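Reminder that position 66 of the sequence shown reads as 76 in the working numbering, one-by-one numbering, no gaps. Built from N, CA and C at the ideal position, the CB exists for glycine as well. Bear in mind the structure is a predicted one, so any value in this text is a computation, not a measurement. The structure under discussion appears below in the form of structure tokens.
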Amino acid sequence: MNGNTFRMPAHRLSALAAATVLTAAPAVLTGAGTAHATGDQGRASAAVLRTALDVSLLNRTVNVPLTVGLNEVRAPGNAHRTALSATLDAVDGGRPFAVLRADVAEARADADGSRAEGATRLVGAAVHLPGLPLLSLIEVEQVTATATCEAGRKPVASSNLLGPVTVLGRKTELTAGGTTDVKVPGVGEVRLDLSRAETTSRTAAATALVLKVSVNPLDLNVSEVDGTVTLAEATCEAPPPAREAAEPPAPESPAVEPAAGTAPQGSKEEVELAETGGSSATPYIAAGAAVLVLGGGGALVLARRRRG
Numbered sequence: 011m012n013g014n015t016f017r018m019p020a021h022r023l024s025a026l027a028a029a030t031v032l033t034a035a036p037a038v039l040t041g042a043g044t045a046h047a048t049g050d051q052g053r054a055s056a057a058v059l060r061t062a063l064d065v066s067l068l069n070r071t072v073n074v075p076l077t078v079g080l081n082e083v084r085a086p087g088n089a090h091r092t093a094l095s096a097t098l099d100a101v102d103g104g105r106p107f108a109v110l111r112a113d114v115a116e117a118r119a120d121a122d123g124s125r126a127e128g129a130t131r132l133v134g135a136a137v138h139l140p141g142l143p144l145l146s147l148i149e150v151e152q153v154t155a156t157a158t159c160e161a162g163r164k165p166v167a168s169s170n171l172l173g174p175v176t177v178l179g180r181k182t183e184l185t186a187g188g189t190t191d192v193k194v195p196g197v198g199e200v201r202l203d204l205s206r207a208e209t210t211s212r213t214a215a216a217t218a219l220v221l222k223v224s225v226n227p228l229d230l231n232v233s234e235v236d237g238t239v240t241l242a243e244a245t246c247e248a249p250p251p252a253r254e255a256a257e258p259p260a261p262e263s264p265a266v267e268p269a270a271g272t273a274p275q276g277s278k279e280e281v282e283l284a285e286t287g288g289s290s291a292t293p294y295i296a297a298g299a300a301v302l303v304l305g306g307g308g309a310l311v312l313a314r315r316r317r318g
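Right, here's the structure in full:
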């Protein structure tokens with residue numbers, strides 16, 4: 011077996027090396043990354059009734075917190091409740107006590123990746139307190155509250171009170187966006203805030219009525235009630251804006267030869283290449299040519315030795 015059986019001829023070896031250099035050159039210039047959009051869901055909540063009251067019985071010898079929430083709902087997702095009454099035990103001699111009764115009491119919350127909304131509607135409603143079984147704290151014909159938050163848009167909050175309002179048995183004219191005080195001798199007093207609405211860049215909140223209550227029927231200290239009652243509230247928070255996908259790099263613009271009399275622009279190396287007719291691929295072409303020359307020279311020397 012001679013020594014040339016497993017060796018590639020010199021001229022083939024040189025050609026392969028040059029082809030490898032020229033093929034690898036474009037690979038050095040490629041490469042790009044892409045970022046994907048991400049997002050999150052918004053949030054919303056709604057409630058028909060919420061109380062934070064302190065009930066004192068028998069000259070403050072017994073204190074019972076009166077905390078009630080009717081049709082409280084929250085999102086992401088979809089939530090909807092329509093209970094028409096809220097009752098309590100242990101504040102009326104062990105008998106169920108109706109804090110609120112209504113013809114319609116709806117609370118709804120919806121939220122997804124683009125929008126969030128909370129909404130409430132209360133129709134034909136009456137709120138009662140312990141110690142006042144025959145006299146309503148407040149009676150309303152209809153109240154609504156809505157809060158809407160969409161991604162990339164300004165949130166909106168609104169609340170409305172329709173029809174007459176009766177507070178502690180008295181017809182009352184309320185001031186939109188203001189405060190109204192109602193005092194009933196021998197019963198107590200109520201301060202009402204109508205139609206609260208607040209918004210930020212991504213959140214909104216609306217409340218139809220907030221009542222600050224201080225009631226002591228006939229000043230007998232049988233049942234004294236202090237605290238707040240909230241009717242028809244809604245809140246929302248917009249989902250965060252989606253992150254935009256990163257754009258791929260723009261393709262290189264074709265080279266434009268400078269007009270006559272205009273100095274070439276670019277770095278010193280680029281200017282020198284332009285003046286000599288070269289380009290960014292010149293080093294790779296030169297390397298390939300060198301391999302070919304060396305390979306050809308080696309093949310010529312080998313052939314002469316064989317002839318000799």
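Rounded distance between the beta-carbons of residue j and residue i, thought under 8 Å
i, j, result
"A248", "A126", "6 Å"
"N81", "V58", "4 Å"
"T209", "P174", "Not confirmed; about 29 Å, so no contact."
"A112", "V133", "6 Å"
"A215", "A167", "6 Å"
Straight-line gap, residue i to residue j (C-alpha atoms, nearest Å)
i, j, result
"P86", "A157", "15 Å"
"V8", "G79", "Only positions 11 to 318 of the chain appear in this structure, which leaves residue 8 out of reach."
"C159", "K222", "29 Å"
"S211", "L172", "29 Å"
"G128", "A218", "13 Å"
"D203", "S95", "23 Å"
"G141", "D236", "12 Å"
"S55", "L144", "33 Å"
"A207", "T245", "10 Å"
"P75", "G162", "42 Å"
"L67", "N73", "6 Å"
"L184", "D64", "25 Å"
"L139", "P251", "45 Å"
"Q152", "V114", "9 Å"
"V177", "R60", "17 Å"
"V150", "T189", "17 Å"
Coil, strand or helix - residue i by DSSP
i, result
"P227", "helix"
"V114", "strand"
"Q51", "coil"
"E234", "strand"
"T185", "coil"
"L139", "coil"
"A195", "With the sequence shown as reference, residue 195 is identified as Pro, and Ala is not the correct amino acid for it. Three-state result, P195: coil."
"A155", "strand"
"R180", "strand"
"N81", "coil"
"S146", "coil"
"P250", "coil"
"S168", "strand"
"V74", "strand"
DSSP beta-bridge partners of residue i
i, result
"L219", "L204 and L241"
"A96", "L110"
"N88", "D120"
"T210", "Paired residue(s): none; T210 is not in a bridge."
"G162", "For G162, which the question treats as bridged, DSSP gives no partner whatsoever."
"G173", "Answer is none; G173 lacks a bridge partner."
"G128", "A119 and A157"
"R60", "G79 and T240"
Neighbourhood of residue i by C-beta, 7 Å cutoff - its chain only, sequence neighbours within 5 removed
i, result
"N226", "G198 and E234"
"R91", "N81, V83 and A117"
"V137", "V109, L110, S146, L147, I148 and V239"
"K193", "E199"
"A62", "T77, G237 and T238"
"S224", "G198, E199 and D236"
Same chain, Cβ closer than 6 Å to residue i, five either side skipped, listed in chain order
i, result
"S205", "S169, A186 and G187"
"D191", "R201"
"V220", "D203 and T240"
"E243", "A57, A155 and T217"
"T130", "A56, V58, A117, A155, A242 and A244"
"G179", "L145"
"A121", "Q51, G52, R53, A54, A85 and P86"
Close beta carbons around residue i, own chain, < 8 Å, minus the five adjacent residues each side
i, result
"P106", "T97, L98 and D99"
"K181", "P174 and V175"
CB contact check: residue i to chain D, cutoff 8 Å
i, result
"E116", "Going by chain labels, chain D is absent from the structure shown, which holds only one protein chain."
heavy atom of the ligand ATP below 7 Å from residue i C-beta
i, result
"G141", "No copy of the ligand ATP appears in this structure; indeed no ligand is present at all."
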